[in-house]
Amino acid sequence: MPPAQSGSHTQSDSEASSLRYEEATKQYHGAAAPAVDRLTLEVPAGEICVLVGPSGCGKTTAMRMVNRTVEITSGDVLIGGRSVREREPAQLRREIGYVIQQIGLFPHRTISENIGAVPQLLGWKKERIRARSAELLALIGLDPELGDRYPTQLSGGQQQRVGVARALAADPLVMLMDEPFGAIDPINRERLQNEFLRLQAEIRKTVLFVTHDIDEAIKMGDRIAVMREGGRVEQYATPAELLMAPANEFVEDFVGADRALKRLALMRVADIDLWEAPLAHVGQATAEVRAKLAAPDVEVPYPLLVDGERRPLGWLSERDLARDVVPRQPDVPLGPVLERDDVMRDALADLLQGESQYAPVVDHQGRISGVLSVEIISEFLKSPEAKSDEHPAVERPHE
Amino acid sequence: MSSPMLLATAGHVGEGFFRERNLENLPCQARESELFCWHWATQNIGRYGTPTVQHLEIVVLSVLIGFVVAFALALFAHRSRWLQPPLLAATGVLYTIPSIAFFFLLLPVTGLGRDTAIIVLAAYTLQIIYRNTLLGLANVPASVKDAARGMGFTRRQILWRIELPLAVPEIIAGLRVAVVSTIAIATLVVFISAGGLGTEMYGANLTFPTSIIIATTIVVLMALGFDLVLLTAQRLVTPWRRAAAR
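Structural data, given as structure tokens:
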């Protein structure tokens, strides 16, 4: 699948770096077992890796090893092949974006000053910092006027956007995000997640994302590391792999019984083979239509009436077919109409809500492109194809 | 409070404490017992100039020295938490010593005069400034410090650019209390010949209320003035607090 390099101008001057854990271990004094035990993990440059697991599994500790807010006991973490252990911590951190759940904006600094904090530490010139702040405000979709406000004057969602912008300000090699949307209400959380994915499609940072929420992990991750106590990685895989082939019982339990349904959240209608609709046109002889229906590979039992532009109008009933020609007004209303870009989970919801077994799928111009049925979806979920490596997670739903 | 007479007989009270008052300057009192004598007041207002300036100097120097010491102590205690209880106890003990006793305890060491006065007054300010500075630093949200650290602020940068600016309201609140109480206590330094407005309160004739009222009024106005200045300063340096209130 092609990477979404649709952005007219990328915000990024520097290439994203890969991130590699090599037997990284954190042993706290007096603790019986290591918080993170010989963690080995590689995050390719430009991907979002989600560390997910129950609380106390060491995911945050593992994340904090990267910017040395937790010191590594043994092993190493490499950014772009360079060990973080040889770096001066403050210098290192200025090259790593850092977003936390509580946001931690500086209350005494304006939004622009908050965004410009790391550039200021790096000694950028004032004009450059100002320009960068303005650029990032625009990037996160905030009114430039808000730049002169103080954090307390912004909503929680706006503050978290600023938190992300602040982390991006000095164009970091790697981003660390610790439950960044955890404190946001569900509706805004979804919006922020989508916004971040859209942003990421443009900026292509290497992101280490920590969450305890498997749904968020599946949504955000290019790869997911499911962790359990001691920072042990039980499975490191793409969301699709994780859902279709959990490595063991722990992962299976963690992913949840509804993982088949979760899988659908990763797909769009266009990702699946649709049924071909037997089409009928107004004024066409019904004999012709009946012949189409009788063909051996036709799965849809009723013909779909379309206009001259192949846009669906409705379904023809037995009674319609009993006439000589196809009538202008079909007997059965159209019901739900799906688009090729629809998320599969939403499409299934539409089908169930419309109490229909199948629904026409149209392209951007509204022209028929096939029929999706509940049967197709359930067959797909059972098929070995669903377990294949070809993960559609890269092509994520937009909204 | 110790009687000035007793102090005088004990031989500790310095020159100028019992400044002679010309009885002709006390017309109201001489004739009738009035609470406030306007005539005398208008004739003698000029005599308050020097004591007021002395008073101001003593207060400003005391609070300044007290602030520098307490602030430094607070920064040490902020860095090394184990210092907090002993320092709190130490400044607390200083604060509980009765002022007159404190003055006279120091006499053998530092003698009469302004130095002793300033040492005692500065010592009194330590507790409140120390406590409020620590409180202000402790009130800085952990998430703000975590974010700052994770973004690459050094410890010193976190202290000076994040924690202290955010602690300004508490620090200034402490300063306000310190200044007002120092202005009041400084009226007692007259007993160790350090001058100030106490000179015009506890003068030769303790039963002359007019002068006490005038001196007290100046003290109160001075306290209000300082308070206003500090409050204004706080508002100017913490614009984000007003933004939050809107």
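Residue numbers (our numbering), protein chains in the order written: chain C, 1 to 399; chain E, 1 to 246. Virtual Cβ for every residue (Gly too), placed ideally from N, Cα, C. On a predicted model such as this, the values are computed, not experimentally measured, just so you know.
- Message: Determine whether the beta carbon atoms of Ala-194(E) and Ala-117(E) lie at a separation below 7 Å.
- Response: Here residue 194(E) corresponds to residue number 194 of the second sequence, with the count starting at 1. Here residue 117(E) corresponds to residue number 117 of the second sequence, with the count starting at 1. Yes.
- Taking Cβ positions, are Val-63(E) and Thr-125(E) nearer each other than 7 Å? Counting from 1 along the second sequence, the entry for residue 63(E) is found at position 63. Counting from 1 along the second sequence, the entry for residue 125(E) is found at position 125. Taking 7 Å as the Cβ cut-off, Val-63(E) and Thr-125(E) qualify as a contacting pair.
- Query: Under the three-state reduction of DSSP, which class applies to His-281(C): helix, strand or coil?
  - Reply: Here residue 281(C) is taken as the residue at index 281 of the first sequence, counted from 1. DSSP places His-281(C) in strand when its eight states are reduced to three.
- Message: My output table needs one value for Phe-106(C): the three-state DSSP class, helix, strand or coil.
- Response: The residue you call residue 106(C) lines up with position 106 of the first sequence. Annotated three-state conformation of Phe-106(C) is coil, per DSSP.
- Going by beta carbon distance, what residues of the same chain come within less than 8 Å of Glu-23(C), once the five residues before and after it are set aside? Translated into positions along the first sequence, residue 23(C) becomes position 23. Closer than 8 Å at Cβ, skipping near neighbours: Arg-38, Leu-39, Thr-40, Ser-74, Gly-75, Asp-76.
- Over what stretch of residues does the alpha helix (DSSP H) that includes Trp-40(E) continue unbroken? As a position in the second sequence, residue 40(E) is number 40, starting the count at 1. Counting along the chain, the alpha helix (DSSP H) containing Trp-40(E) begins and ends at 38-44.
- Item | Interface partners of Ala-243(E) on chain C, CB under 8 Å | Residue mapping note: residue 243(E) aligns to position 243 of the second sequence, counting from 1. Under a criterion of Cβ atoms nearer than 8 Å, the residues of chain C adjacent to Ala-243(E) are, in order, Arg-149, Tyr-150, Thr-152, Gln-153.
- Closer than 7 Å, Cβ to any Cβ of chain E: which residues of the segment 69-90 of chain C, in chain order? Within the segment 69-90 of chain C, the qualifying residues are Thr-69, Ala-90.
- Would you verify that the beta carbon of Arg-21(E) is, or is not, closer than 7 Å to some beta carbon of chain C? Start at 1 with the first residue of the second sequence, and residue 21(E) comes out as number 21. Here the model assigns Arg-21(E) a pLDDT of 48, short of 50, so the residue's position is not dependable and the matter cannot be decided.
- Query: Using the C-alpha atoms, what's the distance from Ala-45(C) back to Arg-310(C)?
  - Reply: Within the first sequence, the letter at position 310 stands for residue 310(C). Within the first sequence, the letter at position 45 stands for residue 45(C). Whole-angstrom Cα-Cα distance: 44 Å.
- Query: Quick one: complete alpha helix (DSSP H) runs, 4+ long, within the segment 22-100 of chain C?
  - Reply: Within the segment 22-100 of chain C, the complete alpha helix (DSSP H) runs of at least 4 residues are 59-66, 89-93.
- Query: If you drop the 5 nearest sequence neighbours on each side, which residues of the same chain put their C-beta closer than 7 Å to that of Thr-238(E)?
  - Reply: Numbered from 1 along the second sequence, position 238 holds the residue referred to as residue 238(E). Only Val-168, Pro-169 meet the Cβ criterion.
- Delimiting residues of the alpha helix (DSSP H) encompassing Arg-340(C): Position 340 of the first sequence, counted from the first residue, corresponds to residue 340(C). Counted as a single uninterrupted DSSP element, the stretch harbouring Arg-340(C) is not any alpha helix (DSSP H), since DSSP gives it neither H nor E.
- Cβ contact (3+ pairs, closer than 8 Å) linking the segment 141-160 of chain E and the segment 97-109 of chain C: Flag = yes, the segment 141-160 of chain E and the segment 97-109 of chain C touch.
- Query: Checking contacts by CB at 7 Å: is Asn-67(C) closer than that to chain E?
  - Reply: If you number the first sequence from 1, residue 67(C) lands on position 67. At least one chain E Cβ lies under 7 Å of Asn-67(C).
- Query: Can you tell me whether Asp-320(C) is buried or exposed, with buried defined as 16 or more other CB within 10 angstroms of its CB?
  - Reply: Here residue 320(C) is taken as the residue at index 320 of the first sequence, counted from 1. Buried, since its Cβ has 16 or more Cβ neighbours within 10 Å.
- Task: Taking 7 Å as the cut-off, decide whether the C-beta atoms of Leu-197(E) and Pro-86(E) are in contact.
- Result: Position 197 of the second sequence holds residue 197(E). Position 86 of the second sequence holds residue 86(E). Leu-197(E) is not a Cβ neighbour of Pro-86(E), given a cutoff of 7 Å.
- Task: Alpha carbon to alpha carbon, how far is Ile-100(E) from Leu-188(E)? Give it in angstroms, no decimals.
- Result: Here residue 188(E) refers to the residue found at position 188 when the second sequence is read from its first residue. Here residue 100(E) refers to the residue found at position 100 when the second sequence is read from its first residue. Take the alpha-carbon of Leu-188(E) and the one of Ile-100(E): they are about 7 Å apart.
- Output the distance between the C-alpha atoms of Ala-215(E) and Gly-49(E), rounded to the nearest integer angstrom. Residue numbering aside, residue 215(E) sits at position 215 when the second sequence is read from its first letter. Residue numbering aside, residue 49(E) sits at position 49 when the second sequence is read from its first letter. Each residue's Cα considered, the two are about 10 Å apart.
- Message: Do Val-66(C) and Leu-176(C) have their beta-carbon atoms positioned less than 7 Å apart in this structure?
- Response: Translated into the one-based positions of the first sequence, residue 176(C) becomes position 176. Translated into the one-based positions of the first sequence, residue 66(C) becomes position 66. The answer is yes: Cβ separation under 7 Å.
- Relative to the alpha-carbon of Leu-279(C), which residue among Val-269(C), Ala-295(C), Ile-272(C) has its alpha-carbon at the smallest distance? Here the question's residue 279(C) lines up with position 279 in the first sequence. Of Val-269(C), Ala-295(C), Ile-272(C), the residue nearest in Cα terms is Ala-295(C).
- Item | Distance, Leu-274(C) Cα to Asp-346(C) Cα | Translated into the one-based positions of the first sequence, residue 346(C) becomes position 346. Translated into the one-based positions of the first sequence, residue 274(C) becomes position 274. CA-to-CA, the gap between Asp-346(C) and Leu-274(C) works out to about 16 Å.
- Task: Ignore the nearest five residues each way along the sequence and tell me which others in Ile-158(E)'s own chain have a CB closer than 8 Å to its CB.
- Result: The residue labelled residue 158(E) in the question sits at position 158 within the second sequence. Contacts found: Lys-145, Ala-148, Arg-149.
- Starting from Leu-372(C), follow the alpha helix (DSSP H) in both directions and report where the run begins and ends. Counting from one through the first sequence, the residue named residue 372(C) turns up at place 372. Segment 368-373 is the beta strand (DSSP E) holding Leu-372(C); no alpha helix (DSSP H) there.
- Item | Unbroken stretches of the alpha helix (DSSP H), 4 residues or longer, contained in the segment 35-98 of chain E | Uninterrupted alpha helix (DSSP H) stretches at least 4 residues long and entirely within the segment 35-98 of chain E occur at 38-44, 49-79, 84-96, given in chain order.
- Validate contact between the segment 195-213 of chain C and the segment 48-64 of chain C using beta carbons, cut 8 Å, 3 pairs: Flag = yes, the segment 195-213 of chain C and the segment 48-64 of chain C touch.
- Query: When DSSP labels each residue in this structure, what does Val-177(E) get in the three-state scheme?
  - Reply: Position 177 of the second sequence, counted from the first residue, corresponds to residue 177(E). Look at Val-177(E) here: in three-state DSSP terms it is helix.
- Nonlocal neighbours in the same chain, by C-beta distance under 6 Å from Phe-106(C), ignoring five residues either side: Numbered from 1 along the first sequence, position 106 holds the residue referred to as residue 106(C). Answer for Phe-106(C): Asn-114, listed in chain order.
- Buried versus exposed, by CB contacts within 10 Å (16 or more), Pro-360(C): As a position in the first sequence, residue 360(C) is number 360, starting the count at 1. With 16 or more other Cβ atoms within 10 Å, it is buried.
- In three-state DSSP terms, what is Arg-228(C)? Taking the first residue of the first sequence as 1, we reach residue 228(C) at position 228. Three-state DSSP puts Arg-228(C) in a strand.
- Message: Tell me the rounded alpha-carbon separation between Arg-31(E) and Ile-45(E).
- Response: If you number the second sequence from 1, residue 31(E) lands on position 31. If you number the second sequence from 1, residue 45(E) lands on position 45. Confidence is the limiting factor: at Arg-31(E) the pLDDT is only 48, short of 50, which leaves the residue's position unreliable, though a coordinate-based value still follows. About 20 Å.
- Cβ neighbours of Gly-314(C) in the same chain (closer than 7 Å, five flanking residues each side left out): For the purposes of this step, residue 314(C) is taken as the residue at position 314 of the first sequence. Excluding sequence neighbours, Gly-314(C) sits near Leu-305, Pro-330, Val-332, Pro-333, Leu-334.
- Task: Just tell me which of Arg-290(C), Leu-173(C), Ala-277(C), Val-282(C) has its CA closest to the CA of Glu-299(C).
- Result: Taking the first residue of the first sequence as position 1, residue 299(C) is located at position 299. Taking only the C-alpha atoms, the option nearest Glu-299(C) is Ala-277(C).
- Query: Taking the alpha carbon of Arg-242(E) as the point to measure from, which residue in Gln-153(C), Ala-62(C), Gly-366(C) has its own alpha carbon closest?
  - Reply: Against the second sequence, residue 242(E) aligns to sequence position 242. Nearest of Gln-153(C), Ala-62(C), Gly-366(C) to Arg-242(E), Cα basis: Gln-153(C).
- Query: Short check: CB of Val-36(C) to CB of Ala-62(C), under 7 Å?
  - Reply: Mapped onto the first sequence, residue 36(C) falls at position 36. Mapped onto the first sequence, residue 62(C) falls at position 62. For Val-36(C) and Ala-62(C), yes; Cβs fall inside 7 Å.
- Message: Only counting the same chain, and skipping five residues up and downstream in sequence, which positions put a Cβ closer than 6 Å to that of Leu-228(E)?
- Response: Numbered from 1 along the second sequence, position 228 holds the residue referred to as residue 228(E). Excluding its 5 nearest sequence neighbours in each direction, Leu-228(E) has no C-beta neighbour in its own chain below 6 Å.
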